[in-house]
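Since the structure comes first, as structure tokens, the remarks are kept for the end.
In our numbering, the protein residues as written are 2 to 156.
Dropping the structure here:
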């Protein structure tokens with residue numbers, strides 16, 4: 002199913018399904034949300050496509066549209082739940098050719114708020130959490146997202 006030997010995103014998906022991932026937040030139909038490996042931007046997450054495909058436009062239209070809806074749902078949730086000022090989405094794939102999005106909640110007191118979230122890339126490693134902190138933060142997100150989704154279904 003996944004190409005875990007050669008793809009770090011597929012490895013993250015395998016870790017989730019084997020129960021060995023502490024960073025898993027929520028599984029949508031077409032994607033898995035994980036807490037970002039650093040927390041330079043608090044509650045930074047990644048949305049990982051379950052399809053090991055290099056480009057979004059290589060997906061069938063219906064799958065592509067559904068996947069994008071999951072990405073935007075996560076962005077909407079983070080905006081409402083964190084009270085952040087802005088959401089930055091990043092889907093590059095140059096380093097890891099498996100469709101995934103970085104979702105950065107941006108706060109008005111961020112360093113260089115108006116600049117790219119990648120500006121401080123060299124400092125990200127200084128904001129890694131230990132395993133207990135990762136589990137706690139991922140669980141906070143899971144609980145908040147479940148409430149957010151339940152509220153949306155009622156409307």
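Every residue, glycine too, gets a C-beta built ideally from N, C-alpha and C.
- For residue 106, the closest alpha carbon among the candidates 131, 115 and 80 is that of 80.
- In this model, residue 75 and residue 93 are separated by some 18 Å (Cα to Cα).
- A check of alpha carbon separations from residue 152 across 12, 54, 61 and 77 identifies 77 as the nearest.
- DSSP places residue 86 in the coil class of the three-state scheme, outside both helix and strand.
- In the displayed model, residue 156 falls within coil according to three-state DSSP, outside both helix and strand.
- By the CB criterion at 8 Å, residue 50 and residue 68 fall inside the cutoff.
- Residue 139 is positioned such that its CB atom lies no closer than 8 Å to that of residue 32.
- The residues 8, 9 and 10, in chain order, have a CB closer than 8 Å to that of residue 97 in the same chain once the five nearest residues on each side in sequence are set aside.
- In the same chain as residue 124, and ignoring 5 residues on each side of it, the C-beta atoms closer than 7 Å to its own belong to 41, in chain order.
- Assigned with DSSP and collapsed to three states, residue 55 falls in coil, not helix or strand.
- In the structure shown, residue 24 adopts coil according to DSSP, grouped into three states.
- Closest in alpha carbon position to residue 44, among 154, 61 and 134, is 134.
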